Amino acid sequence: MIDIPRNIAVFGAGYIGLVTGACFAQLGHRVVVRDIQPERIRMLHSGEVPFFEPGLGDLIAQNKERLSFTLDAREALRDAEAVYVCVDTPPTASGDADLSRIWSVVDALEATSPLVAVVVKSTVPVGTGARVRAALDEAGLGHVGYASNPEFTAEGRAVEDFLHPDRVVIGASDEATAHWVRDLYDGIGAPVEIMDVASAEMVKLASNALLATKITFINEIAAVCEATGADIRRVSRAVGMDHRLGPHFLHAGLGYGGSCFPKDTRALRAMASNSGYPFQLLNAVIEVNELQPRRAVQRLKEELGGLRGRRVALLGLTFKPGTDDMREAPSAVIASRLLAEGAEVTGWDPMGRPGPVEPWTSVTRHASPLEAVTGADAAIVVTEWPELRAADWPTAARRMRRPLLFDGRNLLDPATLSQAGFTYMSVGRAT
Ligand code: UGA
């Protein structure tokens with residue numbers, strides 16, 4: 005437990021805000037989480053979590069005494085010593101981050117509260133902190149410290165990542181604020197990197213861009229493997245054994261998705277371009293990633309000799325397993341391309357709930373992989389849900405019109421699938 009419990013107001017009850025609030029409460033702080041969506045707050049008041057995140061519901065329940073939720077900004081701010089800004093910063097049409105929600109929080113701050121520090125956790129362009137600082141000064145809040153404290157939590161393991169991070173990054177313009185924010189993390193045994201605000205903002209964007217680049221690099225190596233007879237799984241494994249490269253994010257697939265990498269890479273590209281530097285490598289990463297799902301559809305089309313009138317089952321729809329998040333999922337691009345080519349599309353996912361929008365209104369959803377593939381000419385493993393490893397593939401092969409399986413995540417064992425009667429295609433292997 006923490007030595008000095010603080011009063012923290014967290015603005016934004018999304019993935020980042022709720023995880024931040026619940027974890028700070030777990031460390032011993034008193035936390036009020038504020039959101040503008042009444043439905044979200046109603047759910048939280050009745051003990052429900054508005055989205056799936058392992059361990060988060062339990063953590064909220066365990067810390068009920070120190071954790072509350074409100075729609076009212078004033079109530080959240082009344083006793084707050086720290087304001088954590090965890091609102092979303094969605095992309096505008098040009099790829100720039102829309103910071104309007106951050107400004108609404110700053111506008112709500114008042115000189116009368118016992119505020120010590122305003123801390124931004126939302127991902128923002130470099131330079132945002134300096135602008136917030138100037139706005140605070142103008143609002144008579146010159147005595148309040150400012151810090152950037154980016155988050156590095158991945159969906160599906162966010163609680164674990166928050167409580168056991170590789171590092172905590174704090175950017176502040178003065179040492180006192182940096183140390184005050186650092187003390188909020190007492191009890192977390194991770195290195196704390198203290199730096200200036202602009203550098204902290206850049207660490208977040210650079211980390212996500214480098215991870216996205218690593219994935220894209222291995223996806224391109226996979227394409228060359230397909231053409232030359234090498235096996236990407238063996239290549240990735242042995243490349244990752246070099247400690248300078250590391251084994252993570254070398255899993256070839258259908259491209260990265262989610263609410264972070266696509267948005268943050270575009271935001272960094274836009275920011276670099278606005279500052280006069282065209283970020284060519286990142287531009288290539290974004291373009292290559294957008295091509296990944298399209299390439300998969302093209303390969304399937306060639307294998308089937310056309311897609312018109314074919315039925316294709318998509319197995320897994322979320323952007324990765326262990327989450328119900330459908331944002332920027334490669335499955336949406338694949339479904340759209342297949343439909344545009346005249347195919348009929350079915351789908352299965354244990355958690356994803358696609359909204360009533362295209363392409364999902366044209367995709368027939370099924371409760372099990374077996375139902376989804378029945379009568380299909382091909383099935384594509386789009387998301388590596390563990391359930392698919394345990395699926396009854398021999399029965400699936402018999403129920404399909406044509407037993408063709410495109411393993412877009414290299415999840416399954418080619419020999420097992422061949423024995424089950426499938427023609428097996430995958431990523432980064434000649435077979
Ligand atoms: C990512 C980062 O991993 C977090 O550190 C960061 O805090 C977060 O974004 C954020 O900015 O909020 P997340 O988007 O939840 O987290 O998901 P990841 O697990 O990183 O996966 C991203 C995408 O890359 C997924 O579509 C996944 O399938 C894909 N991926 C990942 C691969 O295709 N290959 C890999 O080897 C790894």
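For the sequence shown, this note's numbering begins at 5 and goes up steadily by one. Beta carbons: idealized from backbone N, C-alpha and C, even for Gly. As the structure is a computational prediction, the values presented were derived from the model and not from experiment.
DSSP state of tryptophan 389 mapped onto helix, strand, coil: Counting from one through the sequence shown, the residue named residue 389 turns up at place 385. Note: tryptophan 389 maps to coil in three-state DSSP.
Using the rule of at least 16 other Cβ atoms within 10 Å of the residue's Cβ for burial, across every protein chain shown, is methionine 275 buried or exposed? In the sequence shown, the residue the question calls residue 275 occupies position 271. With 16 or more neighbouring CB atoms inside 10 Å of its own CB, methionine 275 falls in the buried class.
Distance, Cα to Cα, glycine 146 vs valine 122? For this step, residue 146 is matched to residue 142 along the sequence shown. For this step, residue 122 is matched to residue 118 along the sequence shown. Roughly 11 Å between the two C-alpha positions.
Please determine whether the Cβ atom of isoleucine 219 lies at a distance below 7 Å from any heavy atom of the ligand UGA. Taking the first residue of the sequence shown as 1, we reach residue 219 at position 215. Because some heavy atom of the ligand UGA lies under 7 Å away, the Cβ of isoleucine 219 counts as near it: yes.
What residues in its chain sit with their C-beta under 8 Å from that of threonine 24, if we drop five residues either side in the sequence? Your numbering for residue 24 matches position 20 in the sequence shown. Taken in chain order, the residues that qualify are Val14, Tyr88, Cys90, Lys125, Glu155, Phe166.
N-terminal and C-terminal residue of the alpha helix (DSSP H) that tyrosine 19 is part of: Residue numbering aside, residue 19 sits at position 15 when the sequence shown is read from its first letter. Segment 19–31, the alpha helix (DSSP H) holding tyrosine 19.
Exposed unless 16 or more other CB atoms sit within 10 angstroms - verdict on aspartate 268: The residue you call residue 268 lines up with position 264 of the sequence shown. The residue is buried, with at least 16 neighbouring Cβ atoms inside 10 Å.
Could you have a look at proline 95 and say whether DSSP puts it in helix, strand or coil? Position 91 of the sequence shown, counted from the start, is the residue given in the question as residue 95. Reduced to three states, the DSSP call for proline 95 is strand.
Using only the heavy atoms of the ligand UGA, determine whether one of them is closer than 7 Å to the beta carbon of glycine 257. One-based indexing of the sequence shown puts residue 257 at position 253. Checking the Cβ of glycine 257 against the ligand UGA gives yes.
Since glutamate 197 sits in a beta bridge, which residues does DSSP pair it with? Translated into positions along the sequence shown, residue 197 becomes position 193. Per DSSP, Val173.
So the beta strand (DSSP E) serine 430 belongs to, where does it begin and stop? On the sequence shown, position 426 is the one that residue 430 refers to. It spans 427–430 - the beta strand (DSSP E) in which serine 430 sits, taken as one unbroken run.
Distance between alanine 162 and leucine 60 (C-alpha atoms, nearest Å): Start at 1 with the first residue of the sequence shown, and residue 60 comes out as number 56. Start at 1 with the first residue of the sequence shown, and residue 162 comes out as number 158. If you take the alpha carbons of leucine 60 and alanine 162, they lie about 8 Å apart.
Based on Cα-Cα distance, which residue from Glu388, Ala317, Val207 lies nearest to valine 349? The residue labelled residue 349 in the question sits at position 345 within the sequence shown. Considering only alpha carbons, the answer is Ala317.
Around the C-beta of proline 334, are 16 or more other C-beta atoms found within 10 angstroms, so that it is buried, or is it exposed? If you number the sequence shown from 1, residue 334 lands on position 330. Classification of proline 334: buried, given that the 10 Å Cβ count is 16 or more.
Among the residues of its own chain, which have a CB less than 6 Å from the CB of aspartate 411, if the five just before and after it don't count? One-based indexing of the sequence shown puts residue 411 at position 407. Beyond the five residues adjoining it in sequence on each side, aspartate 411 comes within less than 6 Å, by CB distance, of Val385, Ser430 in the same chain, given in chain order.
Simplified DSSP assignment, three categories, for arginine 241: Numbered from 1 along the sequence shown, position 237 holds the residue referred to as residue 241. If DSSP states are grouped into helix, strand and coil, arginine 241 belongs with the helices.
Run of the beta strand (DSSP E) containing leucine 140, from where it starts to where it stops: Your numbering for residue 140 matches position 136 in the sequence shown. Counting along the chain, leucine 140 falls outside any beta strand (DSSP E), though it belongs to the alpha helix (DSSP H) covering 132–142.
Starting from tryptophan 184, trace the alpha helix (DSSP H) both ways and give me its first and last residue. As a first step, residue 184 is located in the sequence shown; it is residue number 180 there, counting from the start. Looking at the DSSP string, the run of the alpha helix (DSSP H) that includes tryptophan 184 is 179–188.
Are there any heavy atoms of the ligand UGA lying less than 7 Å away from the beta-carbon of cysteine 27, as far as the coordinates show? As a position in the sequence shown, residue 27 is number 23, starting the count at 1. No, the ligand UGA has no heavy atom inside 7 Å of this Cβ.
Per DSSP, the bridge partner or partners of valine 349: In the sequence shown, counting from the first residue as 1, residue 349 sits at position 345. Valine 349 is bridged to Val316, Val367.
Flag this pair as yes or no: are the beta carbons of arginine 110 and valine 148 separated by less than 8 Å? Locating residue 110 in the sequence shown gives position 106, where the first residue counts as 1. Locating residue 148 in the sequence shown gives position 144, where the first residue counts as 1. The sequence shown places valine at residue 110, not arginine. For valine 110 and valine 148, no; Cβs fall outside 8 Å.
Beta bridge counterpart(s) of arginine 331 as assigned by DSSP: Position 327 of the sequence shown, counted from the first residue, corresponds to residue 331. None, per the DSSP bridge assignment.
Assuming alanine 138 and valine 173 form a contact by the criterion Cβ under 8 Å, report the distance between their Cβ atoms to the nearest whole angstrom. Sequence index remark: in the sequence shown, residue 138 carries index 134 (1-based). Sequence index remark: in the sequence shown, residue 173 carries index 169 (1-based). The beta-carbon distance between alanine 138 and valine 173, rounded to whole angstroms, is 22 Å. This is too long to meet the 8 Å contact definition.
Kindly list the residues whose CB is nearer than 7 Å to the CB of threonine 220, restricted to its own chain and excluding five residues on each side of it in sequence; keep chain order. In the sequence shown, the residue the question calls residue 220 occupies position 216. Correct list, in chain order: Val289, Val292, Asn293.
Which term fits serine 240, buried or exposed, when burial requires 16 or more other beta carbons within 10 angstroms of its beta carbon? As a working note, residue 240 is residue 236 in the sequence shown. It counts as buried.
Looking at the ligand UGA, does it come within less than 7 Å of tyrosine 260, judged from the CB to the closest heavy atom? Here the question's residue 260 lines up with position 256 in the sequence shown. It does: the Cβ of tyrosine 260 is within 7 Å (strictly closer) of some heavy atom of the ligand UGA.
Test item: CB-CB of tryptophan 364 and leucine 319 under 8 Å: Sequence index remark: in the sequence shown, residue 364 carries index 360 (1-based). Sequence index remark: in the sequence shown, residue 319 carries index 315 (1-based). No; because the gap between Cβ atoms is not below 8 Å, this pair is not in contact.
Phenylalanine 55 versus Ser372, Thr368, Gly326, residue with shortest Cα-Cα distance: As a working mapping, residue 55 is identified with position 51 in the sequence shown. Of Ser372, Thr368, Gly326, the residue nearest in Cα terms is Gly326.
Separation of leucine 374 from threonine 387, as counted between CA atoms: Taking the sequence shown and counting its residues from 1, the one referred to as residue 387 is at position 383. Taking the sequence shown and counting its residues from 1, the one referred to as residue 374 is at position 370. Cα-Cα distance, rounded: 16 Å.
Should the segment 355–364 be called in touch with the segment 221–239, which here means at least 3 C-beta pairs below 8 Å? Proximity of the segment 355–364 to the segment 221–239 falls short of the contact definition, fewer than three beta-carbon pairs being nearer than 8 Å.
Any heavy atom of the ligand UGA closer than 7 Å to the Cβ of alanine 226? Working through the sequence shown from its first residue, we reach residue 226 at position 222. Checking every heavy atom of the ligand UGA against the Cβ of alanine 226, none is found closer than 7 Å.
Under a three-way DSSP split, which group does alanine 13 fall into? Here residue 13 refers to the residue found at position 9 when the sequence shown is read from its first residue. In the three-state reduction of the DSSP assignment, alanine 13 falls in the strand class, which pools E and B.
Secondary structure, alpha helix (DSSP H): runs of 4+ residues fully inside the segment 100–136: 104–112
Can you confirm whether the segment 399–418 touches the segment 251–264 when touching is taken to mean that 3 or more C-beta pairs between the two stretches lie within less than 8 Å? yes
Less than 8 Å between the CB atoms is what I'm expecting for leucine 112 and alanine 77, so what's the real figure, rounded? Position 108 of the sequence shown holds residue 112. Position 73 of the sequence shown holds residue 77. For the sequence presented, residue 112 should be read as alanine rather than leucine. Between alanine 77 and alanine 112 the Cβ distance is about 4 Å, and since that is below 8 Å, they are a contact.
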